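Input: a single structure, listed below in structure tokens.
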Amino acid sequence: MAINLRNQAGKTIKLTTRHWTVMLTLAQTFGWSPAGTIAPVGWNGPGEWDGAYDTNDGQAVSDEDAKALARHLHGAAASPQLPVALTDVINYVEKAAEARGITILDAMRMEPNEFSNIFSPLLMFLYDGSFYIE
């Protein structure tokens with residue numbers, strides 16, 4: 001599954017769900033406190049919107065929250081602890097998936113070096129502010 005992020009200006013960035021989950025978890029590791037997303041327009045699902053970031057339902061991330069996410073990921077990218085933290089987050093995310101019954105083949109396991117090409121474009125996108133998760 002893919003996650004498409006789109007801002008008001010129409011700029012987009014596409015990530016795998018796994019990479020997006022790692023980036024969100026890494027930001028939390030470096031101090032980001034998610035504000036929660038804003039329900040998609042026309043949301044009429046069961047119950048109230050839960051503020052999730054890990055689905056692609058068209059929910060919105062506020063300007064303040066997007067920029068806070070950017071600042072904490074920027075801090076992670078600049079940290080000498082990044083390689084260890086990224087490895088720990090990847091292990092955490094993969095173990096959580098396996099606990100839900102998802103089999104991850106060795107060839108599909110994530111490596112920290114996969115994220116080197118993601119950081120800059122994602123940070124530039126997030127620093128632009130509010131966006132939708134589609």
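Per our numbering, the very first residue in the sequence shown carries number 1; after that it's consecutive. All C-beta atoms, glycine included, are put in the ideal place defined by N, C-alpha and C. Only a predicted model underlies this, so the values are computations on that prediction, with no experimental measurement involved.
Cutoff 8 Å; reference residue i; Cβ partners in own chain excluding five residues on either side
i: residue 123; result: 70, 73, 74, 77
i: residue 111; result: 90
i: residue 115; result: 19, 22, 23, 86
i: residue 93; result: 18, 21, 22, 25, 110
7 Å Cβ shell around residue i - same chain, five flanking residues per side excluded
i: residue 130; result: 7, 8, 60, 61, 62, 63, 66
i: residue 11; result: 125, 128
i: residue 4; result: 12, 14, 56, 134
Exposed unless 16 or more other CB atoms sit within 10 angstroms - verdict on residue i
i: residue 102; result: exposed
i: residue 108; result: exposed
i: residue 24; result: buried
i: residue 100; result: exposed
i: residue 105; result: exposed
i: residue 68; result: buried
i: residue 32; result: buried
Residue span of the alpha helix (DSSP H) that contains residue i, given as start and end
i: residue 87; result: 82-99
i: residue 105; result: Where residue 105 is concerned, there is no enclosing alpha helix (DSSP H), given that its DSSP letter is neither H nor E.
i: residue 118; result: 116-127
Beta-carbon proximity list for residue i, same chain, < 6 Å, skipping 5 on both sides
i: residue 26; result: 76, 89
i: residue 119; result: 77
i: residue 49; result: 39, 43
Extent of the continuous beta strand (DSSP E) to which residue i belongs
i: residue 2; result: 2-7
i: residue 16; result: 12-16
Segment contact flag, the segment 118-134 with the segment 51-62, C-beta cutoff 8 Å, min 3 pairs: By the Cβ test, the segment 118-134 is in contact with the segment 51-62, since at least three Cβ pairs between them sit closer than 8 Å.
Every unbroken beta strand (DSSP E) within the segment 51-76, with a cutoff of 3 residues, ordered by chain: Listed in chain order, they are 59-61.
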